[in-house]
Amino acid sequence: MKKFTSSMLVVILFIATLFTGVSFANPDQSNSSDYIEGQLVVSIEESPSLKSIQSTDDALMKSVSLSKNGFVVADSLFGQEVGTFSAQPLDSNVRATAVEKMGLVYLIEYAVEDYESIDAAKKALKSTLDRLGLNVRYISENRKMYALETATVQDPSAQAIHNNQRWHYDMIKVSQAWGVTTGTSSVRIGVLDTGIDSNHPSLSNLVNTSLGRSFAGGTTMDGHGHGTHVAGTIASYGSVSGVMQNATLIPVKVLNNNGTGTMYGIQQGILHAANVSADVINMSLGGGGYDRGIEEAIQTAVSLGTIVVAATGNDGLSSISYPAAYSSSIAVGSVTSSRTRSSFSNYGSGLELMAPGSNIYSTYPNGQYVTMSGTSMATPHVAGVLGLMRSVNPNLTPSEARNILRNTAQPAGNMNQYGYGIVDAYAAVIAAGGNVPQPIKETNTTLQTDKTVYQRGENINITSSVTDTQGNALQGATVNFKLTRPNGTTLTNTATTNSLGVASWTITSNAQTPLGTYQILAETTLSGYSPSSAQTTLQINDSSGGGDTQAPSAPSNVMSTAKTSTSVTLSWNASTDNVGVTAYEVYNGSSLAATVTNTTATITGLTASSTYTFTVKAVDAAGNRSAASNAVTVTTDSSQPSPTSWAPGVSYKIGDEVTYGGATYKCLQAHTSMVGWEPSIVPALWLKK
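According to mature numbering (1 follows the signal peptide of the UniProt record, and there is no 0), the sequence shown holds residues -25 to -1, 1 to 664 in order.
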């Protein structure tokens, strides 16, 4: 079954533009005889008398009557390598499925001068194959398809304009979908096009050339540009992001560097993508009228679990072009930034989804980024969304994925003009099985003990309180306690906060408990909240009174080695003690600021342009404290640098602060920024202050 369509030549469905908006029309599509002269594509039913594909190949190639009539087998889609074409190395299961649906497909060549017309050649070939006892399913021309020859220029202001427009990400809600998944390398997207520039800095880690193949001569490298632009919309990373940030892009080159290919080559490309387990096939190409071979190739791919999306065409007609018109493919049209159908976008019966396709900024060969328009640019948006869906649910069938896209699409207008509506990445990913992301909120953790100095044999009662930023108790938070003994060994415990937001831990000491200073750390985790922690110290002494009573010597030569507007780093010379120093206590005036086990400490949380006086005391294993060290006075720096403006392509670490849209944000996770990850729309990465 095929969808109703207009008859047109096979053309790449895009209008390459300068950023100024100049578009280029498709070439004349009225000439239905635009095919490769001297070539025919024939499909033959598998014959019970010929037990294998190989035997059918042999029968054809050794046929005297075939050669007498000037016909030569140039290629076998499923069999051995013949002539100058490369045979399709298909998995046995893929081959069996394809043969069942497509028959045995061959590319036949003949001398044009031997026949007065292509119809005469078809009749002669059919008659010859009939005499050989072969059941012919169809014979068709090997029609051409074209890429437009255009001059595409990178406008130096295009990046800045793109950063401000981002409308296509917002329209399909892909930024929200990234809160669930940004994709995975296990998802494979077959890009049937002019190839992909695998060296492009935004694509190089995503393109798998070993899985790719060219059916248009040469390698899979893109010498045209269209395929690289399409690929970058599906998946790319860096300052310009695709719908996916992680995926495996498979370059299947079915158009040569002049933008020309054949229908037979498309069949080869579809089967190859399915053969390497592509989750999705993107075909930003179309026209040529109905072709049974391509329809059956798409049916084969879908039956093997591959989802196929195709562009509806750029003629502004009320009927969509092939291969989008085939019932097994998902037909995608284009909308503008105002959510209206692009004037060039074909519409009508069979149209399923709309996506942004006007003035789309994406990757281009040789490290460039350019703007193009067309249903070619809309289709990869949907391919990328399907990739995100397969990322959260690898077992999603093509039928299930198609129904999800239809049911979650954003209404845009009447069915004839907009299909089911504009694709909704977030709703589709959630419907496919993704978990709804929870907003990240902050916790506050405090830690205290019932005493600061204990005697051996006493119980040590430790409590931690967890609240939100408004001071409300948080029940159900996990608190991981860690106690570090004077000798460096540790003891851990995990507790959950009660209705008062309190978690507790009781430790019983005994006569063998090491004497000295203990450090306690409490780290809190709670779903939907950022982690927080707190620490304190306690002292254990010998209750017998017969232990060590000699204090260590005072630390000496305390000095400031570094400072900022909010911190000071100190160092000092070690103390001596008869049983050994276990810790150093740093005091800010009379307040304990830090306890460390080495001879350096960084005191944080200070105020800019303020003067502080620090001293250090040594503590031994028995809990004896030394006299205070020499005092050092330090004035913090005048002010902390103001937060910088957020920008794509910048590496941010936890705690960095930026400004965006008039607000200040704090980084929650280390990452390299990209368009679509702005602080206001990715709460998993940024906390608004």
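Using N, Cα and C, we set each Cβ at its ideal position, and we do this for glycine too.
Element boundaries [alpha helix (DSSP H), containing Lys97]: The count along the sequence shown starts at 1 and reaches residue 97 at position 122. From DSSP, the alpha helix (DSSP H) with Lys97 extends over Ile93 to Arg106.
Close-in-space but distant-in-sequence residues of the same chain around Ser61 (CB under 7 Å, 5 per side omitted): Position 86 of the sequence shown holds residue 61. Residue placement at Ser61 cannot be trusted, given a pLDDT of 48 that sits under 50; what the coordinates show is reported in the next sentence. Excluding sequence neighbours, Ser61 sits near nothing in its chain.
CB contact flag (His175, Thr157, <9 Å): Numbered from its first residue, the sequence shown carries residue 175 at position 200. Numbered from its first residue, the sequence shown carries residue 157 at position 182. No, these two residues do not count as a Cβ contact at 9 Å.
Limits of the unbroken alpha helix (DSSP H) element including Asn391: For the purposes of this step, residue 391 is taken as residue 416 along the sequence shown, with counting starting at 1. Here the alpha helix (DSSP H) through Asn391 covers Met390 to Tyr393.
Pair within 9 Å by beta-carbon distance, Ala402 and Leu363: Position 427 of the sequence shown holds residue 402. Position 388 of the sequence shown holds residue 363. In this structure, Leu363 does not lie closer than 9 Å to Ala402 by Cβ.
Euclidean distance between Cα positions of Thr483 and Met649: The residue you call residue 483 lines up with position 508 of the sequence shown. The residue you call residue 649 lines up with position 674 of the sequence shown. Between Thr483 and Met649, the C-alpha separation is close to 53 Å.
Residues near Tyr113 in its chain [Cβ-Cβ closer than 6 Å; skip 5 each side]: Residue mapping note: residue 113 aligns to position 138 of the sequence shown, counting from 1. Excluding residues within five positions, the ones whose Cβ falls inside 6 Å are Ser18 and Arg267.
Boundaries of the alpha helix (DSSP H) in which Lys76 is found, first to last residue: For this step, residue 76 is matched to residue 101 along the sequence shown. That run of the alpha helix (DSSP H) goes Ser67 to Met77.
N- and C-terminal bounds of the beta strand (DSSP E) containing residue 692: No answer is possible for residue 692: the residues shown for the chain start at -25 and end at 664.
Burial state of Gly308, where buried means 16 or more other Cβ atoms lie within 10 Å: Within the sequence shown, the letter at position 333 stands for residue 308. Classification for Gly308: buried.
For Ser303 and Val283, the rounded distance between their alpha carbons: Here residue 283 refers to the residue found at position 308 of the sequence shown. Here residue 303 refers to the residue found at position 328 of the sequence shown. So the alpha carbons of these two residues sit roughly 7 Å apart.
For Val360 and Ala222, the rounded distance between their alpha carbons: The residue given as residue 222 occupies position 247 in the sequence shown. The residue given as residue 360 occupies position 385 in the sequence shown. Going from the Cα of Ala222 to the Cα of Val360 covers about 12 Å.
Residue from Ala299, Glu653, Val277 and Met390 with nearest C-alpha to Gly263: If you number the sequence shown from 1, residue 263 lands on position 288. Checked all of Ala299, Glu653, Val277 and Met390; the closest Cα to Gly263 is Ala299.
Nearest-angstrom Cβ-Cβ length linking Leu178 and Val251, presumed shorter than 8 Å: Looking up residue 178 in the sequence shown gives position 203. Looking up residue 251 in the sequence shown gives position 276. That belief does not hold up - the Cβ atoms of Leu178 and Val251 are roughly 18 Å apart, past 8 Å.
Residue-level contact to chain B via CB, Gly213, 9 Å cutoff: Going by chain labels, chain B is absent from the structure shown, which holds only one protein chain.
Given 8 Å, three or more beta-carbon pairs between the stretch 232 to 240 and the stretch 37 to 48: no
Segments of 3+ residues assigned as beta strand (DSSP E) that fall wholly inside the stretch 277 to 352: 282 to 286, 305 to 310, 328 to 331, 335 to 339 and 343 to 348
Spatial distance of Glu608 from Ala569 (CA atoms): Residue mapping note: residue 608 aligns to position 633 of the sequence shown, counting from 1. Residue mapping note: residue 569 aligns to position 594 of the sequence shown, counting from 1. Correcting the residue identity first, residue 608 is Thr in this sequence and not Glu. Going from the Cα of Thr608 to the Cα of Ala569 covers about 16 Å.
Ile629 classed as buried or exposed, judged by whether at least 16 other C-beta atoms fall within 10 angstroms: Walking along the sequence shown from the start, residue 629 turns up at place 654. Ile629 should be labelled exposed.
C-alpha distance - residue 676 paired with Thr421, whole-angstrom precision: Any answer about residue 676 is impossible in this case: the structure gives the chain only from -25 up to 664.
For Val367, three-class secondary structure by DSSP: Locating residue 367 in the sequence shown gives position 392, where the first residue counts as 1. Three-state result, Val367: helix.
Assumed close pair Leu662, Glu417 - CB separation to whole angstroms, cut-off 8 Å: As a working note, residue 662 is residue 687 in the sequence shown. As a working note, residue 417 is residue 442 in the sequence shown. Indeed they touch by this definition, with Cβ atoms about 7 Å apart.
Coarse secondary structure for Ala486, derived from DSSP in three states: Taking the first residue of the sequence shown as position 1, residue 486 is located at position 511. In this structure, Ala486 counts as coil in the three-state DSSP scheme.
Through-space distance from Trp621 to Ser51, alpha-carbon basis: Residue mapping note: residue 51 aligns to position 76 of the sequence shown, counting from 1. Residue mapping note: residue 621 aligns to position 646 of the sequence shown, counting from 1. Each residue's Cα considered, the two are about 56 Å apart.
Asn180, buried or exposed, once every other Cβ within 10 Å from all chains shown has been counted against 16: Mapped onto the sequence shown, residue 180 falls at position 205. With fewer than 16 other Cβ atoms within 10 Å, it is exposed.
Proximity test, Ala276 beta-carbon vs the ligand SAM heavy atom, cut-off 8 Å: Because no ligand of any kind appears in the structure shown, any question about the ligand SAM cannot be addressed here.
For Gly(-5), the three-state DSSP class (helix, strand or coil): Position 21 of the sequence shown, counted from the start, is the residue given in the question as residue -5. Because Gly(-5) carries a pLDDT of 33, less than 50, the predicted location of this residue cannot be relied on, and the following value inherits that uncertainty. Three-state result, Gly(-5): coil.
Simplified DSSP state of Asp9, which is helix, strand or coil: The count along the sequence shown starts at 1 and reaches residue 9 at position 34. Reduced to three states, the DSSP call for Asp9 is coil.
Buried or exposed by the 16-neighbour rule on C-beta atoms within 10 Å, applied to Leu475: Within the sequence shown, numbered from 1, the residue matching residue 475 stands at position 500. Leu475 comes out exposed.
Contact check, Ala206 vs Leu230, beta carbons under 9 Å: Start at 1 with the first residue of the sequence shown, and residue 206 comes out as number 231. Start at 1 with the first residue of the sequence shown, and residue 230 comes out as number 255. It is not a contact, given that the beta carbons lie outside the stated cut-off.
Residue from Ser150, Asp523 and Ser38 whose Cα sits closest to the Cα of Leu100: The count along the sequence shown starts at 1 and reaches residue 100 at position 125. Among Ser150, Asp523 and Ser38, the Cα nearest to that of Leu100 is on Ser38.
Identified DSSP bridge partners for Ile435: For the purposes of this step, residue 435 is taken as residue 460 along the sequence shown, with counting starting at 1. Answer by DSSP bridge pairing, in chain order: Ile482.
Coil, strand or helix - Val657 by DSSP: Locating residue 657 in the sequence shown gives position 682, counting from the first residue. If DSSP states are grouped into helix, strand and coil, Val657 belongs with coil.
Length of the line joining the Cα atoms of residue 723 and Phe190: The chain is shown from -25 up to 664; residue 723 falls before or after that span and cannot be answered.
Beta-carbon contacts of Asn110 that lie in its chain and below 6 Å, excluding the five residues immediately before and after: If you number the sequence shown from 1, residue 110 lands on position 135. Same-chain partners within the cutoff: Glu20.
Cβ distance (whole Å) where Arg365 is taken to contact Asp254 below 8 Å: Looking up residue 365 in the sequence shown gives position 390. Looking up residue 254 in the sequence shown gives position 279. Right, the Cβ-Cβ distance comes to about 5 Å (below 8 Å), so this counts as a contact.
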